[in-house]
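Peer 1:
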Amino acid sequence: MKSFSPISVVIQTTDPTRTIGGILVQARRVGTNIPVGSWVISTDQTADYQLRSCSNTDDTVTHQRVNSDTRVFLLWRAPSDLTGGVQFFATVAINFSTYWVMLTNDQISYPVGQVP
1219 MKSFSPISVV IQTTDPTRTI GGILVQARRV GTNIPVGSWV ISTDQTADYQ
1269 LRSCSNTDDT VTHQRVNSDT RVFLLWRAPS DLTGGVQFFA TVAINFSTYW
1319 VMLTNDQISY PVGQVP
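Numbering (my numbering), first residue to last: 1219 to 1334.
#1: Return yes when the Cβ of residue 1316 is within less than 8 Å of the Cβ of residue 1286, no when it is not.
#2: Who does residue 1224 pair with in a DSSP beta bridge?
#3: Any idea which residues DSSP pairs residue 1253 with across the strands?
#4: Residue 1270 and residue 1224 - do their beta-carbons sit closer together than 8 Å?
#5: Drop a sphere of 10 angstroms on the beta-carbon of residue 1230, count the other beta-carbons inside from all chains shown, and report buried for 16 or more, exposed for fewer.
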């Protein structure tokens, strides 16, 4: 059974005067809408963030209250059987009327470094 190192995911505003009010983040296999892996939140993050289980245990992380951070640090663990590409999908809210959905990163390949 393979074991991958956790991946740090950072979400930040491009404008330092704007804070992130809330987030919802999932990792998904490329070409699917099914979340994979699991998120880990530290003890000092439990007041701000919570884990949700949409398709698998702890496969989604979201805010627990309105935040006032310009940067959010998260930790994601790939499942041991993962092969192929993964992308992170995020919804980021500044407030109730300003938000972005389906924000993504470049594809990450597993095993890391291999092109799917």
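From the three backbone atoms N, C-alpha and C, an ideal C-beta is built for every residue, glycine too.
Peer 2: The structure says:
#1: no
#2: Paired residue(s): none; residue 1224 is not in a bridge.
#3: 1246
#4: no
#5: Exposed.
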